[in-house]
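Converting from the sequence shown to the working numbering requires adding 19 to each position, the first position being numbered 1.
Glycine is no exception: its CB is placed at the ideal position from the N, C-alpha and C atoms.
Since the structure is predicted, the reported quantities are computational estimates derived from the model, not experimental observations.
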Amino acid sequence: MLSREKCNTDIKILTTPQIIYKHLQKQGVEFIFGYPGSVVLGIYDELCRQNSIKHILVRHEQSAVHAAEGYARSTGKCGVVLVTSGPGVTNTITGILDAYLDGVPLVILSGQVHSELLGRDAFQEADICSMTKSCTKANFQVKSAVELEAVLVKAFQIALSGKKGPVLVDITKDVLDGSARWQNLEPISFVNPPLSGDCTSVLAEITSSSKPVIVSGGGVVQSDAGKELYEFAKLLDIPVVTTMMGLGSFPEDDKNYCGMIGIYGDYSANQILRESDLILSVGARFNDRITCCFEDAPISAKFIQLDINGAEFSRNIKAYKTLLGDAKDFLKLMLKDAKSQKRSDWIAYANVLKSKNSHCHKVSEKLHSFEIMHMLDEFTQGQEVIFTTEVGQHQMFAAQNLTINSSRKFISSCGAGTMGFGLPAAIGAAVANPKIPVICIAGDGSLQMNIQELATCKDYNLPVKIIVINNGYLGMVRQLQETRYCGRYFETEISNPDFVKLAESYGINALRVTKKDEIIPALKFAFNTSGTVLLDFLVEPMEKV
20 MLSREKCNTD IKILTTPQII YKHLQKQGVE FIFGYPGSVV LGIYDELCRQ NSIKHILVRH
80 EQSAVHAAEG YARSTGKCGV VLVTSGPGVT NTITGILDAY LDGVPLVILS GQVHSELLGR
140 DAFQEADICS MTKSCTKANF QVKSAVELEA VLVKAFQIAL SGKKGPVLVD ITKDVLDGSA
200 RWQNLEPISF VNPPLSGDCT SVLAEITSSS KPVIVSGGGV VQSDAGKELY EFAKLLDIPV
260 VTTMMGLGSF PEDDKNYCGM IGIYGDYSAN QILRESDLIL SVGARFNDRI TCCFEDAPIS
320 AKFIQLDING AEFSRNIKAY KTLLGDAKDF LKLMLKDAKS QKRSDWIAYA NVLKSKNSHC
380 HKVSEKLHSF EIMHMLDEFT QGQEVIFTTE VGQHQMFAAQ NLTINSSRKF ISSCGAGTMG
440 FGLPAAIGAA VANPKIPVIC IAGDGSLQMN IQELATCKDY NLPVKIIVIN NGYLGMVRQL
500 QETRYCGRYF ETEISNPDFV KLAESYGINA LRVTKKDEII PALKFAFNTS GTVLLDFLVE
560 PMEKV
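Structure (structure tokens):
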């Protein structure tokens with residue numbers, strides 16, 4: 020038997036779990052989100068012996084990935100997930116897809132059957148590398164302990180380089196039970212592609228245009244370029260709109276901000292894009308949820324696109340000029356040569372358009388979602404909070420009516436639209452930011468996808484405040500059935516548990532709200548109560564976004 024550390028002169032032999040642990044330390048990993056199983060128990064045993072990396076035990080492996088996303092998106096760091104073989108790792112695929120589409124850096128460590136059993140349908144064997152090939156930046160199957168350390172170095176570098184995303188490292192049982200020489204490899208810094216394209220002519224075109232607009236996307240958030248974006252837009256006096264992924268990249272209470280674009284965006288944002296003479300897209304993908312709003316508009320002829328991922332240039336709207344690179348690098352370069360301009364009439368017109376925005380449509384005297392969002396927005400002004408959302412109508416009401424003034428404060432599943440995202444994402448954000456309240460805005464249907472994570476909230480006494488928009492329907496699906504299928508609401512009216520009693524059964528404080536004048540007292544209760552609190556808002560079931 021090898022001792023836990025055996026030194027022969029300068030050669031140190033370590034068990035594989037020790038190698039994993041030591042390298043995660045070198046990468047600066049603070050938390051691992053996971054769920055144990057027999058194949059990975061060696062890693063768990065090593066975590067038990069140490070104290071510098073904390074493991075967060077979730078109740079489902081999908082939640083582990085979403086929690087790691089919440090951690091990564093609120094901090095800019097790489098999230099780490101640890102799961103076992105078979106269903107343990109296949110349960111992560113939805114979360115991996117979510118992270119891939121939204122560009123979230125993750126490293127997922129999974130156990131695999133013994134290498135000699137691969138391809139023989141062994142107990143809990145799953146060909147996870149084939150399954151995740153289309154939704155990871157890279158994946159590796161490690162069948163030799165000697166290779167593991169170098170693979171870990173590469174995995175973190177890939178996850179954090181360029182357009183960030185998930186990387187899977189699948190490790191066979193014989194490797195996890197083995198040992199190897201500790202090479203003490205240093206992490207490799209992430210690499211962004213060098214800025215390429217005619218930046219000089221782009222600045223000249225922006226300067227000479229009379230009605231330019233900047234579209235800020237998730238790339239601005241991921242590169243922490245909000246400060247540079249603000250300085251550039253204010254210096255040249257240009258209106259700014261955002262995608263949903265870009266919410267918070269530009270302060271929404273600023274006069275240059277013109278709203279969120281897209282199918283559920285603001286009238287002002289979509290209209291100013293139509294009327295502009297130049298569109299500068301910075302780190303925005305312009306997917307079908309946006310392009311569907313401009314099918315009759317000649318966007319391409321005035322569209323300049325900066326993106327860190329060159330594959331985006333031919334996917335949606337074809338820009339007449341493209342620039343490859345990081346948003347922060349690009350904006351810094353622009354600021355070096357940009358000269359102050361004033362576009363008072365164009366900014367004034369943008370503000371006129373903003374005054375025409377309306378997301379407030381009452382259909383009864385019952386409580387409405389937009390009323391809750393307005394009062395939540397008013398209540399949280401001046402406080403540092405982080406919002407996460409589930410997916411559905413409530414997500415859009417939140418995006419439309421909350422004022423998000425800084426990056427990494429609005430965390431939502433945008434590319435995949437994953438129901439069940441919001442609560443575990445709030446867990447990850449709260450773990451990373453224990454002194455900041457995290458508000459999870461959830462629909463009654465979406466919340467039930469991963470409602471078991473109330474136990475995780477309770478176990479770690481997390482400052483998560485859950486706002487349940489309870490309308491008794493799968494609201495967004497019901498809305499589509501109304502507009503497309505003559506109101507045949509088939510399989511969208513749902514039965515719900517008593518959310519208050521359910522929360523209390525987990526040991527979590529909860530209140531039910533049915534009237535507008537109860538909203539502020541309920542919010543005060545939630546924020547003045549330590550730990551997790553659930554507020555169940557009964558709202559008009561037939562309202563629409």
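What is the DSSP secondary structure of residue i, counted as helix, strand or coil?
i: H79; result: coil
i: L481; result: coil
i: F546; result: helix
i: D356; result: helix
i: R503; result: helix
i: I38; result: helix
i: C67; result: helix
i: K454; result: coil
i: C277; result: strand
i: C433; result: coil
i: E168; result: helix
i: F556; result: strand
i: Q324; result: strand
i: T533; result: coil
i: I527; result: coil
i: N489; result: strand
i: V260; result: strand
i: K73; result: strand
i: E512; result: strand
i: L347; result: One point to set straight first is that residue 347 is Lys, not Leu, in the sequence displayed. Looking at K347 - three-state DSSP - the assignment turns out to be helix.
i: I51; result: strand
Alpha carbon to alpha carbon, what distance is there between residue j and residue i?
i: I72; j: R427; result: 23 angstroms
i: C433; j: D243; result: 19 angstroms
i: V99; j: L125; result: 6 angstroms
i: E562; j: H387; result: 7 angstroms
i: M438; j: L466; result: 8 angstroms
i: F398; j: C379; result: 18 angstroms
i: G184; j: E384; result: 45 angstroms
i: F251; j: I225; result: 11 angstroms
i: V186; j: A83; result: 15 angstroms
i: S208; j: G181; result: 12 angstroms
i: F440; j: R497; result: 20 angstroms
i: Y368; j: L421; result: 23 angstroms
i: Q160; j: L521; result: 41 angstroms
i: T219; j: L343; result: 14 angstroms
i: Y283; j: I391; result: 18 angstroms
i: K321; j: I538; result: 45 angstroms
i: F313; j: A545; result: 42 angstroms
i: N6; j: R334; result: Here the chain comprises residues numbered 20 to 564, so residue 6 is not present and cannot be evaluated.
i: L255; j: S363; result: 11 angstroms
i: Q402; j: E166; result: 48 angstroms
i: Y63; j: P36; result: 8 angstroms
i: I513; j: Y504; result: 19 angstroms
i: N424; j: Q143; result: 46 angstroms
i: N370; j: Q290; result: 12 angstroms
i: G89; j: A118; result: 10 angstroms
i: M150; j: L136; result: 18 angstroms
i: N275; j: K253; result: 7 angstroms
i: A449; j: V404; result: 10 angstroms
i: G105; j: K192; result: 12 angstroms
i: G11; j: Q131; result: The shown model of the chain, from 20 to 564, leaves out residue 11, and the question about it has no answer.
i: D196; j: P560; result: 55 angstroms
Let me confirm a value: residue i is counted as buried when at least 16 other C-beta atoms fall within 10 Å, else exposed. Which label applies?
i: L179; result: buried
i: E80; result: buried
i: P317; result: exposed
i: A330; result: exposed
i: T28; result: In this prediction, T28 scores a pLDDT of 44, lower than 50, which makes its location untrustworthy; no coordinate-derived value is stated.
i: R92; result: buried
i: D121; result: buried
i: V552; result: buried
i: T533; result: exposed
i: N490; result: buried
Give the list of continuous beta strand (DSSP E) stretches no shorter than 3 residues that lie fully inside the stretch 78–161. 98–102, 125–131, 157–161
Under 8 angstroms, with one C-beta from each stretch per pair, do the stretch 348–357 and the stretch 211–219 reach the 3-pair mark? yes
Within the chosen definition, does the stretch 451–460 reach the stretch 479–497 through at least 3 CB pairs nearer than 8 angstroms? yes
Ignoring anything shorter than 4 residues or poking outside the stretch 173–252, list the alpha helix (DSSP H) runs there in chain order. 192–195, 218–227, 237–241
In chain order, each beta strand (DSSP E) run of at least 3 residues that lies wholly inside the stretch 287–311: 297–301
Mind the definition here: the stretch 259–266 touches the stretch 436–452 only if three or more C-beta pairs lie below 8 angstroms; say whether that holds. no
Taking only runs of the beta strand (DSSP E) that begin and end inside the stretch 372–425, which ones reach a length of at least 3 residues, in chain order? 405–408
Whether or not the stretch 403–417 and the stretch 457–466 are in contact is what I'm after, with contact meaning three or more pairs of Cβ atoms, one per stretch, closer than 8 angstroms; do they touch? yes
Inter-stretch contact (C-beta, 8 angstroms, three-pair minimum) for the stretch 158–177 and the stretch 225–236: no
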